[in-house]
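Asker:
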Amino acid sequence: MSALLDLQSVSVSIGRVALLDGIGLTVKRGQILGLVGESGSGKSLTAMAAMGLLPLIGGRVAAGVVRFDGQDMAAMTEVQRRKLRGRRIGFVTQNPMTALDPVQRIGEQVDIVSRLHLGLSRADARARTLDLLTQLRIPEAGTVAEAWPHQLSGGMKQRIVIAMALAGDPDLIIADEPTTALDVTVQAQIIQILGNLVRDRGVSLLLITHDMSVVAQVCDRVAVLYAGRVAEEGPVGPIFAAPAHPYTAALIGCIPQEGMEKGSLAGIPGAVPSAMTFPAGCRFHPRCPRASEACRTSQPPILPRGEGRVACHHPEVAA
Amino acid sequence: MTAPLIQIEALSKRFQSGGGLFTKPRAMMAVREVTLTVGKGEVLGVVGESGCGKSTLARLVLRLIEPTSGRVTFDGTEITALSPSALRKMRRRMAMVFQDPYSSLDPRYTLADVLAEPFRVQNEQVPAGRIEAMLTAVGLPAELAGSHPHQLSGGQRQRVGIARALALQPDFVVLDEPTASLDVSIQAQIIALLADLRDRLGLTYLFISHDLGLVRYFCDRIMVMYLGSVVEVLPDARTAPRHPYAQALMQSNFAPDPARRRVIEPLKGEIPSPFALPPGCAFASRCPRASDLCRRQTPALDDDATHPVACFHPL
Chain A
0 MSALLDLQSV
10 SVSIGRVALL
20 DGIGLTVKRG
30 QILGLVGESG
40 SGKSLTAMAA
50 MGLLPLIGGR
60 VAAGVVRFDG
70 QDMAAMTEVQ
80 RRKLRGRRIG
90 FVTQNPMTAL
100 DPVQRIGEQV
110 DIVSRLHLGL
120 SRADARARTL
130 DLLTQLRIPE
140 AGTVAEAWPH
150 QLSGGMKQRI
160 VIAMALAGDP
170 DLIIADEPTT
180 ALDVTVQAQI
190 IQILGNLVRD
200 RGVSLLLITH
210 DMSVVAQVCD
220 RVAVLYAGRV
230 AEEGPVGPIF
240 AAPAHPYTAA
250 LIGCIPQEGM
260 EKGSLAGIPG
270 AVPSAMTFPA
280 GCRFHPRCPR
290 ASEACRTSQP
300 PILPRGEGRV
310 ACHHPEVAA
Chain B
0 MTAPLIQIEA
10 LSKRFQSGGG
20 LFTKPRAMMA
30 VREVTLTVGK
40 GEVLGVVGES
50 GCGKSTLARL
60 VLRLIEPTSG
70 RVTFDGTEIT
80 ALSPSALRKM
90 RRRMAMVFQD
100 PYSSLDPRYT
110 LADVLAEPFR
120 VQNEQVPAGR
130 IEAMLTAVGL
140 PAELAGSHPH
150 QLSGGQRQRV
160 GIARALALQP
170 DFVVLDEPTA
180 SLDVSIQAQI
190 IALLADLRDR
200 LGLTYLFISH
210 DLGLVRYFCD
220 RIMVMYLGSV
230 VEVLPDARTA
240 PRHPYAQALM
250 QSNFAPDPAR
260 RRVIEPLKGE
270 IPSPFALPPG
280 CAFASRCPRA
290 SDLCRRQTPA
300 LDDDATHPVA
310 CFHPL
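Sequences listed follow chains A and B, in order. When we follow numbering that gives the first Met the number 0, the leftmost residue of the first sequence carries the number 0, and every step to the right adds one. When we follow numbering that gives the first Met the number 0, the leftmost residue of the second sequence carries the number 0, and every step to the right adds one.
1. So the candidates are A:36, A:25 and A:185; which of them puts its Cα closest to the Cα of residue 253 of chain A?
2. Across which residues does DSSP place residue 66 of chain A in a beta bridge pair?
3. Mind checking if residue 209 of chain B is an interface residue toward chain A, Cβ cutoff 7 angstroms exclusive?
4. Below 7 angstroms between beta carbons: does that hold for residue 54 of chain B and residue 175 of chain B?
5. By DSSP, does residue 202 of chain A sit in helix, in strand, or in coil?
6. What is the DSSP secondary structure of residue 188 of chain B, reduced to helix, strand or coil?
7. Quick check on residue 239 of chain A: does DSSP put it in helix, strand or coil?
8. With a Cβ-Cβ cutoff of 7 angstroms, do residue 109 of chain A and residue 174 of chain A count as a contact?
9. For residue 269 of chain A, count the other beta carbons within 10 Å of its own beta carbon; 16 or more makes it buried, fewer makes it exposed. Which is it?
10. Considering only DSSP beta bridges, list what residue 16 of chain A is partnered with.
11. Is residue 68 of chain B helix, strand or coil when you go by DSSP?
12. Taking Cβ-Cβ distances shorter than 7 angstroms, what residues in chain B pair up with residue 37 of chain A?
13. With a threshold of 6 angstroms on Cβ separation, who are the neighbours of residue 92 of chain B within its own chain once the five nearest residues in sequence on each side are excluded?
14. Count the other CB atoms, across all protein chains shown, that sit within 10 Å of the CB of residue 40 of chain A; report buried if there are 16 or more and exposed otherwise.
15. Taking only three categories from DSSP, how would you classify residue 15 of chain B?
16. How would you call residue 89 of chain A, buried or exposed, if buried means at least 16 neighbouring beta carbons within 10 angstroms?
17. Can you tell me whether residue 106 of chain B is buried or exposed? The criterion is at least 16 other CB atoms within 10 Å of its CB, across all chains shown.
18. On the three-state DSSP scale, how would you describe residue 220 of chain B?
19. Please return the same chain residues whose Cβ sits closer than 7 angstroms to the Cβ of residue 112 of chain A, not counting the five positions on each side in sequence.
20. If you draw a straight line from the alpha carbon of residue 78 of chain B to that of residue 302 of chain B, how long is it in whole angstroms?
21. Going by beta carbon distance, what residues of the same chain come within less than 7 angstroms of residue 22 of chain A, once the five residues before and after it are set aside?
22. Establish whether the CB of residue 255 of chain B and some CB of chain A are separated by less than 7 angstroms.
23. Apply the 10 Å Cβ neighbour rule to residue 126 of chain B and answer buried if 16 or more other Cβ atoms are within range, or exposed otherwise.
24. Any beta carbon of chain A sitting closer than 7 angstroms to that of residue 17 of chain B?
25. Is any beta-carbon of chain A found at less than 7 angstroms from that of residue 49 of chain B?
26. Ends of the beta strand (DSSP E) at residue 33 of chain A?
27. Name the two residues that bound the continuous alpha helix (DSSP H) containing residue 123 of chain A.
28. Measure the C-alpha to C-alpha separation of residue 208 of chain A and residue 38 of chain A and round it to an integer number of angstroms.
29. Going by the DSSP bridge assignment, what does residue 36 of chain B pair with across the sheet?
30. Going by the DSSP bridge assignment, what does residue 307 of chain A pair with across the sheet?
31. I'd like to know whether the C-beta of residue 255 of chain A is nearer than 7 angstroms to at least one C-beta of chain B.
32. Would residue 228 of chain B pass as a contact of residue 31 of chain B if the rule is Cβ separation under 7 angstroms?
33. Taking just the CA atoms, how far does residue 131 of chain B sit from residue 263 of chain A?
34. Can the beta-carbon of residue 181 of chain A be found closer than 7 angstroms to that of residue 154 of chain A?
35. At a CB-CB cut-off below 7 angstroms, which residues of chain A make contact with residue 247 of chain B?
36. Would you tell me roughly how many angstroms separate the C-alpha atoms of residue 198 of chain A and residue 231 of chain A, rounded to the nearest one?
Spelled out as C-alpha cells, the structure:
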C-alpha cells in the first residue's frame, strides 16, 4: 500500500508563533487514521496543513514536506491545490449547522460538487446525489434533496455534509470532529456509516477526534498529538492494549466504561499549554505522573515501537 | 432510599409555538406526566436525546418555568405553590450548573462579581474571604478572582459555574449537561470534582446528560426519557436496561478497546415531530420490537417499585 497523504517533519507557524513541531503522519490508501488529542493540541491545524489551507489563517509550513499522492503540496500552484480539494480530498467539518448554505436546497448543494469536479450534467449529478443520500441511509432521499437545511436535524445535516465530501469521488476524506456536535445515538450511526463507506469504496480517512472510544471503534492506526507534537503513533490494537506514552494512557482513562469503580475516572490534571508558553523538554511533563529531570530539560527521543513509534523518556514497557 | 428531598407528581409542560394572524398555533408536550422522587444525597441521572424534555424537566423542578400541571415538593414545601418572595428564599437551597460555560458567564464581570451575584440577589453581604474559598473549593487559584471569563479555558469556566451554583451552600444542584461542551479529559476532571463536592457537602444532584455511559458511571439511579415521557428508571448503574430505547442508548457508547468493536443496529427512522405524535408508543416507529399493540396504545410505566419500565415488549 502506498502513502496517499504523507507529512514529513512538518512544522507550522503563524507569524512568529511555532504551533506544530515536526509532525510526521502517513495515511495509506484505504486506511483510517485517527488523529487525537485535546483542544489546542494542533489537530485541526494539521488538517489545514494537509489541505494546503494554512494561508487562509495566515499560517505557513515553516519546515518539512506535505505530500499528497507523491506530489509536494508546496510546489503546486493555488489553482492546482484548489482542484485537489473537493475532487481528491473531501472535507467534513465539525459543525454541520454552519457548513450548509441556508438559502440553497439540500440537493443543489450536493449536486454542485459533482458538477464542478466531475463535470456531470445536472441530471447525472442529481442521480449521483440521490444515490449518495441513500447510501448514507437517508430515508426518502428525493424529498430530502428538495428540502432546506433548516428543515433537517443535526444528524441529518451531518450526513449531507458527508455526502458533499463524497460527491467528488475523493481518494481521501478529512473529517474534523464530525460527531462532536451530535447526540451519542446519532454519533454512533454517523461513525458507523462513515467507517463502512470508506471501507466499501477504498477511500482513505483522516479522522480527527478527542474521543479515544471513537478511534478504537473505527480506526486502523492512531496518532496522538500533544501541544503540537506527535506523542505516539501506531496501529490501534497494540496502542490500546498497552499504550506506551503516559498521555495516550491518560486519554484512554478519560472514557467512562461499563463496570468502572466510582472515583476511578480522574481525567488529566491541568490543561494543554498555549503555543506562547510551551514548556521546555517534553511538553507533557507538567501534567505527567512519570516526569523526571530529563523530561523537564530535553526533548524526548522518538523510539520505534512495534509498527509505530513513541516520543517519551520513560515509555511504558510493553508486556 | 433515604428520606426524599424532592417529590415530583404528574408534572407536565405544554409549549405552544407559532400562531400568527393566519396560522393556528401548534402545541407540544415537552414533559408529560412525570412522577419521581429524589432522595437526600442521591445522584439521579436523566438521560435522553436532544428534544426529549430533560432540560425542560430541570427548569420545572427549580420552577424557572411554570408547569402546565403537576406539583414539585422540595423538602416538604410545595414550591409550585410558593409566592415569588417565598420562592426566592427557597431558591438559596437549590442551584443550577448550565451546559455552556461560554454563554453562562457575563463577559464583563470579573470572577469575583460572578461569585458575588448570588449573594446580591438574596440581599446579603459576601462574607469575608468567601470568594477566595469558593475558587479554591473548585480547584481554581484564588488569584483568579480579578480575572474575566475570556482569560479562562472551558474547563476553568465550568469550575466557576459550579462555584457560583454552590455560593449559597444549597442542598440540591441541577447539572444540565455540565460537560457536554468540554474535552473528554476535562469532562473527567469536572465529574471527579462534582463527586468530591457531593461527598464533602452532602449534595443531592439531578444530572442531565445524553451520554448513558457517563450517567452510568456517575449516577445512583437513572431515568430514561423519550419525547417528554419517562420510559424506564434504572435502579442502579449495573442493571441492564429493559426498554428497547434504553438499550439502544447504551449500545451507542463505544468502548475504548479496538477488540470490542460494535456493529450498531442503528435506530430506524427519525424521531417523530413532538407537535404531531403518532398514537401509541412514541418510540414505536423506531423500535425493532414494535407490534400493532404499540402503534395503538401508549404503554404506561409499570408499577415495579424499583425498576419500572413503560413497554409492552420489554427485554
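Beta carbons are placed, not taken as given, at the ideal position from N, Cα and C, and that holds for glycine.
Answerer: Well, looking at it:
1. Residue 253 of chain A sits at position 254 when you count from the first residue of the first sequence. By alpha-carbon distance to residue 253 of chain A, the top candidate from A:36, A:25 and A:185 is A:36.
2. Here residue 66 of chain A refers to the residue found at position 67 when the first sequence is read from its first residue. Residue 66 of chain A is bridged to A:5 and A:71.
3. For this step, residue 209 of chain B is matched to residue 210 along the second sequence. Chain A, which has a Cβ nearer than 7 angstroms to the Cβ of residue 209 of chain B, makes this yes.
4. What you label residue 54 of chain B is simply residue 55 of the second sequence in a count that begins at 1. What you label residue 175 of chain B is simply residue 176 of the second sequence in a count that begins at 1. Cβ atoms of residue 54 of chain B and residue 175 of chain B: closer than 7 angstroms.
5. Here residue 202 of chain A corresponds to residue number 203 of the first sequence, with the count starting at 1. Residue 202 of chain A: coil per DSSP, three-state reduction.
6. Translated into the one-based positions of the second sequence, residue 188 of chain B becomes position 189. Residue 188 of chain B falls in the helix class under three-state DSSP.
7. For the purposes of this step, residue 239 of chain A is taken as the residue at position 240 of the first sequence. Assigned with DSSP and collapsed to three states, residue 239 of chain A falls in helix.
8. Taking the first residue of the first sequence as 1, we reach residue 109 of chain A at position 110. Taking the first residue of the first sequence as 1, we reach residue 174 of chain A at position 175. No, the Cβ-Cβ distance between residue 109 of chain A and residue 174 of chain A is not below 7 angstroms.
9. Translated into the one-based positions of the first sequence, residue 269 of chain A becomes position 270. With fewer than 16 Cβ atoms within 10 Å of its Cβ, residue 269 of chain A is classed as exposed.
10. Here residue 16 of chain A refers to the residue found at position 17 of the first sequence. Residue 16 of chain A pairs with A:13.
11. By one-based count along the second sequence, residue 68 of chain B stands at place 69. Strand at residue 68 of chain B.
12. Position 38 of the first sequence, counted from the first residue, corresponds to residue 37 of chain A. Residues of chain B passing the Cβ test: 182 and 184.
13. Within the second sequence, numbered from 1, the residue matching residue 92 of chain B stands at position 93. Within the same chain, residue 92 of chain B has close Cβ partners 169 and 170.
14. As a first step, residue 40 of chain A is located in the first sequence; it is residue number 41 there, counting from the start. Around the CB of residue 40 of chain A, 16 or more other CB atoms lie within 10 Å, so the residue is classed as buried.
15. Counting from one through the second sequence, the residue named residue 15 of chain B turns up at place 16. The answer is strand: DSSP assigns residue 15 of chain B an E or B state.
16. The residue labelled residue 89 of chain A in the question sits at position 90 within the first sequence. When all chains shown are included, residue 89 of chain A counts as buried.
17. Numbered from 1 along the second sequence, position 107 holds the residue referred to as residue 106 of chain B. Flag for residue 106 of chain B reads exposed.
18. In the second sequence, counting from the first residue as 1, residue 220 of chain B sits at position 221. Residue 220 of chain B sits in a strand when the DSSP states are folded into three classes.
19. Here residue 112 of chain A refers to the residue found at position 113 of the first sequence. So the qualifying residues of the chain are 85, 163, 166 and 167.
20. Taking the second sequence and counting its residues from 1, the one referred to as residue 78 of chain B is at position 79. Taking the second sequence and counting its residues from 1, the one referred to as residue 302 of chain B is at position 303. Straight-line measurement puts the Cα of residue 302 of chain B at about 27 angstroms from the Cα of residue 78 of chain B.
21. For the purposes of this step, residue 22 of chain A is taken as the residue at position 23 of the first sequence. Exclusion of the five residues before and after residue 22 of chain A leaves 6, 9, 45 and 229 as the residues of its chain whose Cβ lies within less than 7 angstroms of its Cβ.
22. For this step, residue 255 of chain B is matched to residue 256 along the second sequence. Yes, residue 255 of chain B lies at the interface with chain A (some Cβ there is under 7 angstroms from its Cβ).
23. Counting from 1 along the second sequence, the entry for residue 126 of chain B is found at position 127. When all chains shown are included, residue 126 of chain B counts as exposed.
24. What you label residue 17 of chain B is simply residue 18 of the second sequence in a count that begins at 1. No, residue 17 of chain B lies away from the interface with chain A (no Cβ there is under 7 angstroms from its Cβ).
25. Position 50 of the second sequence, counted from the start, is the residue given in the question as residue 49 of chain B. Residue 49 of chain B counts as touching chain A.
26. Locating residue 33 of chain A in the first sequence gives position 34, counting from the first residue. Annotation for residue 33 of chain A: the continuous beta strand (DSSP E) segment containing it runs 31 to 35.
27. Position 124 of the first sequence, counting from 1, holds the residue named residue 123 of chain A. Where residue 123 of chain A is concerned, the enclosing alpha helix (DSSP H) stretches over 121 to 134.
28. Counted from its first residue, the first sequence places residue 208 of chain A at position 209. Counted from its first residue, the first sequence places residue 38 of chain A at position 39. Taking the CA atoms as reference points, residue 208 of chain A sits about 9 angstroms from residue 38 of chain A.
29. The residue labelled residue 36 of chain B in the question sits at position 37 within the second sequence. Per DSSP, B:6.
30. Position 308 of the first sequence holds residue 307 of chain A. Looking at the DSSP assignment, residue 307 of chain A forms a beta bridge with A:304.
31. As a first step, residue 255 of chain A is located in the first sequence; it is residue number 256 there, counting from the start. Yes, because at least one Cβ of chain B sits closer than 7 angstroms to the Cβ of residue 255 of chain A.
32. Along the second sequence, one-based indexing puts residue 228 of chain B at 229. Along the second sequence, one-based indexing puts residue 31 of chain B at 32. Yes. Within cutoff.
33. By 1-based counting over the first sequence, the position of residue 263 of chain A is 264. By 1-based counting over the second sequence, the position of residue 131 of chain B is 132. So the two alpha carbons sit approximately 28 angstroms from each other.
34. As a position in the first sequence, residue 181 of chain A is number 182, starting the count at 1. As a position in the first sequence, residue 154 of chain A is number 155, starting the count at 1. Yes. Within cutoff.
35. Residue 247 of chain B sits at position 248 when you count from the first residue of the second sequence. Correct list: 184.
36. The sequence position of residue 198 of chain A within the first sequence is 199, counting from 1. The sequence position of residue 231 of chain A within the first sequence is 232, counting from 1. Between the alpha carbons of residue 198 of chain A and residue 231 of chain A lies a distance of about 25 angstroms.
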